[in-house]
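Number of protein chains: 2
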Amino acid sequence: MIGVILSGGSGTRFWPKSRERYPKQFLNITGSHSMIQDTVERILPLIPIEKVFAVTNERHAFETCKQLAEYGFDPANLLAEPLAKNTAPALGFAAGVLAAAHAEEVMAVFPADHVVRDPAAFRRVLQTAATVAAKGSLVTLAIRPTRPETGYGYIKKGAARDDGSFAVQQFVEKPDPLTAQKFLDDGGYFWNCGVFLWKISTLLEEMKHLMPELHKNIAGIAAHTETSSGKYVYRRLDAQGKKIYADLHPISVDYGILEKSGNVAVVPTEMPWSDVGSWSALQDISPTDRDGNLLTQNVIALDCSGSIIQGEKRLIAAVGARDLVVVDTADALLICDKARAQDVKKIVEKIKASQRPEAEVHATTHEPWGCYTVLEKSPDHIVGKLKVLPGETFDGKAHSSRDKTWVVAAGRGEVQKDGKIISLDKNQSIFIPQEAEHRLANPGDKPLTVLEIRTGEELAEDQKDVGFRP
Amino acid sequence: MIGVILSGGSGTRFWPKSRERYPKQFLNITGSHSMIQDTVERILPLIPIEKVFAVTNERHAFETCKQLAEYGFDPANLLAEPLAKNTAPALGFAAGVLAAAHAEEVMAVFPADHVVRDPAAFRRVLQTAATVAAKGSLVTLAIRPTRPETGYGYIKKGAARDDGSFAVQQFVEKPDPLTAQKFLDDGGYFWNCGVFLWKISTLLEEMKHLMPELHKNIAGIAAHTETSSGKYVYRRLDAQGKKIYADLHPISVDYGILEKSGNVAVVPTEMPWSDVGSWSALQDISPTDRDGNLLTQNVIALDCSGSIIQGEKRLIAAVGARDLVVVDTADALLICDKARAQDVKKIVEKIKASQRPEAEVHATTHEPWGCYTVLEKSPDHIVGKLKVLPGETFDGKAHSSRDKTWVVAAGRGEVQKDGKIISLDKNQSIFIPQEAEHRLANPGDKPLTVLEIRTGEELAEDQKDVGFRP
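Sequences listed follow chains A and B, in order. All residue numbers for the first sequence refer to my numbering, where the first residue is 1 and numbers rise by one. All residue numbers for the second sequence refer to my numbering, where the first residue is 1001 and numbers rise by one.
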């Protein structure tokens, strides 16, 4: 079996924890790992890491490789989309690339940002589903509803088949509350959770029939891929491939193929699942206090109820908050009526429209070599923090009007300044004048933390830059 | 006429903008100056600065002098209380000190943290009141109510006198909503606003009669004052004076004298006034948007109404907030149901009880020489910013286990390090090893901004210190 992780999140509904450049799948929301790491961990007992592929926007490619490196993920298994086109093109891309070597193998598709509370149960269902898929069906996993959710699509199951699956009687778009309650009471309706299994040949055949244009376009896509440069050498489209991709019609595989095909089998399951589609979903997957609140450390609450208050370092004091979502980060704060959690994406659009960077980047930007955090920015200075991973090097470029002072707070650094190499231990500092070429390497096996003060007149590039890159 | 500014705020109801060490009177809440500066500006056309006195807790003494320096306030006119004892002892202290030289002069008493929208009208009323006070009455200013406020004490005016004042028929404690509405409709009830005028001899005479113990204790208090050391030489109590003060019964002058005296005249006025007693009061004194919101810059709102959202640098995005108070500062955030604004002091008590420093200090601490802001604090480093005022010097003490690097971001500094003097221009930096004695002076006429990185193991004193002093 081949696993294909779809990691196309755009970072709006979990703003401000998620941002365009660092969406939900990279965050640790419920466990000890990020959501994409959890996704991989969950399937590794069934699918060897060499057979795990990921389709992701190119802007998220290196971070995906970085987060999956500890599982032995091969960056060559990452297929970078030049732009988001919904799931049918993304799966077409994957199938197009994989068809040559794996046409008769089962491809299991996993969204990168879902929560599955019982991974063992999940794997048992996957095994059943894989058997069904191997016989030539398009298989979709379906979750028994636990509440009258109006935010999901539903599948009504049809006749039972002899392999543990069911025919599909009907796909239903997001229902109104009354209908959702009927579905819950009926017992025959399931949530469509976006986990699919099929042989690659089955998918391509159905695509040829139901989405002929997409099928034609992705048929030769493998020939239009190239390898990236940089620390992680992943697979992306060349100029011609990008042109083809840009013209694809953005559509979901559910709408484009599953809802129209007569060859769909559904494998229902009762396992606890959530797509964590908004801040309010957190209450379904995490234990609340006796007043129904979900509070992080550093929250001091008085007479609050039903509220989700997620802080970081800052103290949050809440008085009389009812059914409120409060999410505090270093550079942006969200206050939202819990019933309006779905509208967080609307406010993110407003933020973008007002030309502010907080929709796109965090105070911390993640780079292949580590990360950079802005602590303070003013017209005459920037104070920041570099974390350089063991064995990595940050390449500074000569700034025309910013002097830098670096102080090592943890670890040991090696600074290359105008060709000379200077070793810096903890508590040691170095001044880098504006005209100097410079690099900062971490030769050790522990993270290197360097505090940085940049002074001098503001550069045009600082003003333009949506982030605050070093 | 003598002006006595009562500046005894404890910084709880306007938390997190106000803190114990930097309460409301020091903040610029509504105008271009701090509230205590506004209070002085308002009376200067009537009372020369040499005759302006202030009674304040000793912990607020230097900041009071610093903020009033631009008006020519003489620090010797500041009377520092060793601890807060409510208004009767504070005014007894002032009267005790001033009696020798000014017994027959009118003393006008002004709370330091009220908003008066029409200072000219205020001064006209003061002049009327001063005439009445000069004839030997205890005079209290009274404001015509504009809403059925339950948070204030009321005065029912009695018979008109021939000097523009009225007798007092009754003092009424904070009423319930129904009673407050009756008072508003009646027209004869006024808010007791805490501005009093009387000859010092009148006050002492009434005190002798109604609060004989306080009168006895403060009779000799002037002999137990001493001058402070440091940049601002103010007046405080000596050891014996502190002992006397510690034993005083804490009580308001309203309760201790005015409500019991037969010699009170009230001068009513219709001028717009607010004691800004809670966050919700802001809406009474500042114009709201068409949805009734009071939003600062950096707030992006969607479908919010009746809400007060006060940010600083961070972006605040609000969706569907109704009648909410949100106040964001560098190190602490308040979320409060607007109807519970009076309970902010309760949450401040909870913060204190949990041993957190945010009830007492800000991320920025104010010092006679300037201020210090913590930008980041972690076990292995502190990043901060020093602002040294022109002509001032910060005295560093040798830390046993913290190295410092200073970088000048603005202005010019003079660093004295182990006896040597090093001049630092903008963008220049210096390393100060943990064992070095050091001082940082600003010899120029512009503010000096120095960014500071401290590295090394955490000191016990850092952990103990409620603030983050340099």
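Glycine is no exception: its CB is placed at the ideal position from the N, C-alpha and C atoms. Quantities reported herein were computed from a predicted structural model and do not represent experimental measurements.
- Close partners of R340(A) in chain B (Cβ separation under 9 Å): L1302, D1303, V1319, G1320.
- Using a Cβ-Cβ cut-off of 7 Å, E1349(B) does not count as an interface residue toward chain A, since no Cβ of chain A sits closer than that to its own.
- Contact note: A332(A) reaches chain B through R1314, L1315, I1316, A1317, using a C-beta cutoff of 9 Å and chain order.
- DSSP places K1446(B) in the coil class of the three-state scheme, outside both helix and strand.
- From the listed residues V325(A), V40(A), E58(A), the smallest Cα separation to E50(A) is found for V40(A).
- Counting other Cβ atoms within 10 Å of its Cβ, K1066(B) reaches 16 or more and is therefore classed as buried.
- Excluding sequence positions up to five before and after E105(A), its CB lies within less than 6 Å of the CB of I2, all in the same chain and listed in chain order.
- Three or more beta-carbon pairs separated by less than 8 Å link the stretch 1249-1264 of chain B to the stretch 1083-1095 of chain B, which places the two stretches in contact.
- S1429(B) and G1413(B) have their C-alpha atoms some 10 Å from each other.
- Excluding residues up to 5 positions away in sequence, V132, V139, A265, V266, V267 lie with their Cβ nearer than 7 Å to the Cβ of S165(A) in the same chain.
- Excluding five sequence positions before and after T1288(B), the CB atoms of its chain that fall closer than 7 Å to its own CB belong to L1294, given in chain order.
- Taking every protein chain shown into account, the CB of G194(A) has 16 or more other CB atoms within 10 angstroms, so this residue is buried.
- Using a Cβ-Cβ distance cut-off of 8 Å, the stretch 1107-1119 of chain B and the stretch 1188-1203 of chain B are in contact, since at least three pairs of beta carbons, one from each stretch, lie closer than that value.
- Under the DSSP assignment, L141(A) falls outside any alpha helix (DSSP H), being part of the beta strand (DSSP E) whose first and last residues are 138-143.
- One alpha carbon belongs to I335(A), the other to P1443(B), and they sit about 46 Å apart.
- With respect to the C-alpha of R21(A), the residue from A129(A), S278(A), E367(A), E70(A) having the closest C-alpha is E367(A).
- Across the stretch 1412-1446 of chain B, CB contacts with chain A closer than 8 Å involve K1426, N1427, S1429, F1431, in sequence order along the chain.
- Looking at the backbone, the Cα of C1304(B) and that of V1344(B) are separated by about 22 Å.
- With contact defined as three or more Cβ pairs closer than 8 Å, the stretch 1296-1316 of chain B and the stretch 1184-1191 of chain B are not in contact.
- Judged by DSSP in its simplified three-state form, F1053(B) adopts strand.
- Taking a C-beta distance under 7 Å as the contact criterion, D1291(B) and N427(A) do not qualify as a contact pair.
- Cβ neighbours of P272(A) within its own chain (closer than 7 Å, five residues either side excluded): R117, D118.
- Taking a beta-carbon distance threshold of 7 Å, D1380(B) counts as an interface residue toward chain A.
- Distance from the CA of A317(A) to the CA of I1309(B), rounded to the nearest whole angstrom, comes to 15 Å.
- Between the stretch 375-394 of chain A and the stretch 447-456 of chain A there are three or more inter-stretch CB-CB distances shorter than 8 Å, so the stretches are counted as touching.
- With 16 or more other Cβ atoms inside 10 Å of its own Cβ, H215(A) counts as buried.
- Look at the beta carbons and you see the stretch 148-160 of chain A not touching the stretch 65-85 of chain A: under three pairs across the two are nearer than 8 Å.
- Residue D1418(B) holds the alpha-carbon nearest to the alpha-carbon of Q1434(B) among Q1169(B), T1202(B), D1418(B), S1378(B).
- Inside the stretch 70-127 of chain A, DSSP marks whole beta strand (DSSP E) runs of 3 or more residues at positions 78-81, 106-111, from first to last along the chain.
- Residues of chain B whose Cβ lies closer than 9 Å to the Cβ of L451(A) are, in chain order, E1376, H1381, V1383, T1405, I1453, T1455.
- Contact annotation: V408(A) and V374(A) have beta-carbon atoms that are not nearer than 7 Å.
- Taking a cut-off of 8 Å for Cβ pairs, the stretch 1012-1028 of chain B and the stretch 1047-1063 of chain B touch, as three or more such pairs fall below it.
- Residues of chain A whose Cβ lies closer than 7 Å to the Cβ of R1356(B) are, in chain order, L315.
- Under the DSSP assignment, D1186(B) falls in the alpha helix (DSSP H) whose first and last residues are 1177-1186.
- In this chain, the beta strand (DSSP E) harbouring A159(A) covers 154-160.
- Looking at T329(A), S354(A), V325(A), the one whose alpha-carbon comes closest to that of H362(A) is T329(A).
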